[in-house]
Amino acid sequence: MNRPAAPGTLTPGTLSPALRSALAASADDRIFYDLAGIARRYTALRDELPGVAVRFAMKACPVDEVLAHLAALGAGFDAASPHEIAQALRTGAPAGRVHYGNTVKSDAGIAEAYRLGIRDFATDSLPDVVAIAEHAPGSRVFCRLATSGEGALWGLSRKFGCSAADAVRVLTAARDAGLTPAGLSVHVGSQQLTSKGWSAAFDLLGDVLVEGRRHGVELDHVNLGGGLPALGYVDRHGTALEPPLDEIFQAVRDGIDRLRRLHGGALDFVLEPGRHLVADQGAIRTHVYRLTSRQQPDGEREHWLYLGCGKFNGLYEMDQVQYRLVFPTHPAPEYVPAVVAGPTCDSDDTFPHGQASGLVPVPRTAASGDPVWILSTGAYAVSYLTQGFNGFDPLPYTVLPADAGLPSPGRQLPEAARQSRICLGDAPVNGEAS
Ligand SMILES: Cc1ncc(COP(=O)(O)O)c(C=O)c1O
530 MNRPAAPGTL TPGTLSPALR SALAASADDR IFYDLAGIAR RYTALRDELP
580 GVAVRFAMKA CPVDEVLAHL AALGAGFDAA SPHEIAQALR TGAPAGRVHY
630 GNTVKSDAGI AEAYRLGIRD FATDSLPDVV AIAEHAPGSR VFCRLATSGE
680 GALWGLSRKF GCSAADAVRV LTAARDAGLT PAGLSVHVGS QQLTSKGWSA
730 AFDLLGDVLV EGRRHGVELD HVNLGGGLPA LGYVDRHGTA LEPPLDEIFQ
780 AVRDGIDRLR RLHGGALDFV LEPGRHLVAD QGAIRTHVYR LTSRQQPDGE
830 REHWLYLGCG KFNGLYEMDQ VQYRLVFPTH PAPEYVPAVV AGPTCDSDDT
880 FPHGQASGLV PVPRTAASGD PVWILSTGAY AVSYLTQGFN GFDPLPYTVL
930 PADAGLPSPG RQLPEAARQS RICLGDAPVN GEAS
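Per this note's numbering, residue 530 is the first one in the sequence shown, and the count goes up by one each step.
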């Protein structure tokens, strides 16, 4: 069995006191978001990268209360569809702080975004430029460059972005079609774990800035996309990921300085963080369905822990990560190594594992109904809920307001059903004390 997450790798941000008490008080399965934690992460990011505009990638957490709070702090939004644009504008954020960041757009979608007041569009191809020129005349476009995605858990390569040579063609075509060729963008891959991934992106951006200028294209900004990591993940083998955040921020600051020097004139920078702002600020309260032990056809006996929550109702990203589990009613248990899986009748609904790898330490006496907390689940959870696949309801959510750690109006916590055996002080996390 692989080692569970090492002690000490849980930063205090992984489970704030507000999240901890909400999880402990919850009698039903739901996801909680800690607004104060999100605000802290936002402020820390602004401090690390002063002067860089933050446009939250809505897809990571399209929850009204979260978006409104970020908008009030000054964030803009990276929206991927007219619906997301409309939701972003409902927060009160001005249209000038929202861009249509998806290179995949229909004519009708472009026209609708334009009608809603959007004037900034991502692009990566000539046909898309032609469509923007027709349905959003005079708008600003930024061209997305393809990256390798190396070093990231989710590479995002090939579906989006074009080569350096194509980018120059796309931007000059935009200018010729009456659009403003305004910028370049990249995405280094989601949960990028290396500073190298960022340095390589800056090298590419520098080359295209210079080449664009040779073709008379003067850009005013660079959009650095998403990719900043969550801090509380455990990889598919059960090892805690420890992204070198300081190194990453240093690479970004160095890259920004380098591009500004290369460019000469004023050059603004935009970031579109998704998971970095919200992942560690969300946690799920679910419960044990059953801990089983079964002999497989090859003779191996395996323990399987089935939870009320899985790939289709909150843990969509279990293709790449094992989430950290806390068994609050088992403070100092004897553990068995188990494969963890969700409740559906679908074999994809299982934490990544191989023979004797990816197994999670689970209290031997875990019983049906025992509460389980799942940490660092704030990103890509509610946006990936199915509409009741196999009859399992989408996971409800509660937002803990920034001021009090109490539920926001209209989304009251269920009656606090204090579990008599909850041990708040030493709830073990994947076998470790938190
Ligand atoms: C265009 C764009 N920007 C930003 C993001 C957010 O990425 P992350 O959650 O890795 O920060 C994504 C995610 O897929 C994206 O497609």
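Heads up, the beta-carbon is just placed ideally off N, CA and C, and yes, glycines get one too. These figures come from a predicted structure and were not determined experimentally.
Under the assumption that residue i contacts residue j (Cβ atoms under 8 Å), give the Cβ distance between them as a whole number of angstroms.
| i | j | result |
| --- | --- | --- |
| Val-810 | Pro-758 | Note that residue 810 corresponds to Gln in the displayed sequence, not to Val. That pair is no contact at about 14 Å. |
| Leu-904 | Ala-867 | The Cβ separation is near 18 Å, so there is no contact. |
| Asp-636 | Ala-660 | 5 Å |
| Gly-755 | Gly-803 | 5 Å |
| Arg-514 | Arg-584 | In this structure the chain extends from 530 to 963, so residue 514 is not present and cannot be described. |
| Ala-651 | Gly-680 | Rounded, the Cβ-Cβ distance is 22 Å, inconsistent with contact. |
| Ser-668 | Arg-648 | 5 Å |
| Asp-563 | Ser-545 | 5 Å |
| Leu-713 | Phe-671 | 6 Å |
| Leu-708 | Val-658 | 7 Å |
| Gly-907 | Cys-590 | 6 Å |
| Asp-878 | Lys-840 | 4 Å |
Taking 7 Å as the cut-off, is the C-beta of residue i nearer than that to any heavy atom in ligand 3?
| i | result |
| --- | --- |
| His-716 | Among the ligands in the structure shown, ligand 3 does not appear; only ligand 1 can be found there. |
Under 7 Å: does the beta carbon of residue i sit that close to some heavy atom of ligand 1?
| i | result |
| --- | --- |
| Arg-804 | yes |
| Gly-754 | yes |
| Lys-634 | no |
| Gln-824 | no |
| Leu-685 | yes |
| Ser-719 | yes |
| Asp-607 | yes |
| Lys-725 | no |
| Ala-573 | no |
| Gly-630 | yes |
| Glu-801 | yes |
| Leu-757 | yes |
| Lys-688 | no |
| Lys-840 | no |
| Ala-702 | no |
| Ala-622 | no |
| Ala-586 | yes |
| Ala-551 | no |
| Ala-908 | yes |
| Ala-617 | no |
| Ala-675 | no |
| Ala-568 | no |
| Ala-589 | yes |
Based on the DSSP secondary-structure assignment, which residues constitute the bridge partners of residue i?
| i | result |
| --- | --- |
| Tyr-629 | Ala-608 and Phe-650 |
| Pro-900 | His-816 |
| Ser-886 | Gly-883 |
| Leu-929 | Asp-563 |
| Ala-769 | Val-763 |
| Asn-752 | Ser-714 and Val-799 |
| Pro-656 | In the DSSP output, where bridge partners are listed per residue, Pro-656 has none listed. |
| Val-746 | Answer is none; Val-746 lacks a bridge partner. |
| Val-891 | Val-865 |
Taking only the alpha-carbon atoms, compute the straight-line gap between residue i and residue j and give it to the nearest angstrom.
| i | j | result |
| --- | --- | --- |
| Thr-873 | Pro-890 | 22 Å |
| Arg-970 | Arg-644 | This structure gives no information on residue 970, because the portion of the chain shown stretches from 530 to 963. |
| Ile-567 | Leu-806 | 6 Å |
| Phe-606 | Val-799 | 10 Å |
| Val-869 | Pro-925 | 22 Å |
| Val-746 | Glu-594 | 40 Å |
| Phe-829 | Val-865 | The amino acid occupying residue 829 in the given sequence is Glu; Phe does not appear at that position. If you take the alpha carbons of Glu-829 and Val-865, they lie about 14 Å apart. |
| Ser-897 | Tyr-913 | 26 Å |
| Tyr-818 | Tyr-909 | 23 Å |
| Ser-876 | Thr-701 | 49 Å |
| Glu-831 | Thr-676 | 40 Å |
| Asp-557 | Phe-921 | 14 Å |
| Pro-860 | Pro-900 | 12 Å |
| His-750 | Val-850 | 34 Å |
| Ser-822 | Leu-552 | 28 Å |
| Gly-883 | Gln-824 | 16 Å |
| Ala-730 | Leu-674 | 9 Å |
| Ser-610 | Ala-617 | 11 Å |
| Thr-815 | Ala-554 | 12 Å |
| Asp-786 | Leu-722 | 22 Å |
| Gly-871 | Phe-856 | 16 Å |
| Val-715 | Leu-753 | 5 Å |
| Pro-938 | Val-928 | Bear in mind that a pLDDT of 41 at Pro-938, under 50, signals an unreliable position, so the number given afterwards is only what the model happens to contain. Whole-angstrom Cα-Cα distance: 9 Å. |
| Pro-892 | Pro-862 | 5 Å |
| Gly-621 | Ala-597 | 7 Å |
| Asp-736 | Thr-632 | 21 Å |
| Asp-705 | Pro-623 | 28 Å |
| His-612 | Ile-639 | 12 Å |
Is any beta-carbon of chain C found at less than 8 Å from that of residue i?
| i | result |
| --- | --- |
| Arg-823 | Of the protein chains in the structure, only one exists, and it is not chain C. |
Complete runs of the beta strand (DSSP E) confined to the segment 793–870 [at least 3 residues]:
797–800, 811–824, 830–836 and 864–870, all fully within the segment 793–870.
With a floor of 4 residues, list each alpha helix (DSSP H) that falls wholly inside the segment 669–738, ordered by position along the chain.
Along the segment 669–738, the alpha helix (DSSP H) occurs as fully enclosed runs of 4 or more residues at 693–705, listed in sequence order.
Give the list of continuous beta strand (DSSP E) stretches no shorter than 3 residues that lie fully inside the segment 558–627.
If only complete runs of 3 or more residues are kept, the segment 558–627 shows the beta strand (DSSP E) at 559–563, 582–586 and 605–608, in order along the chain.
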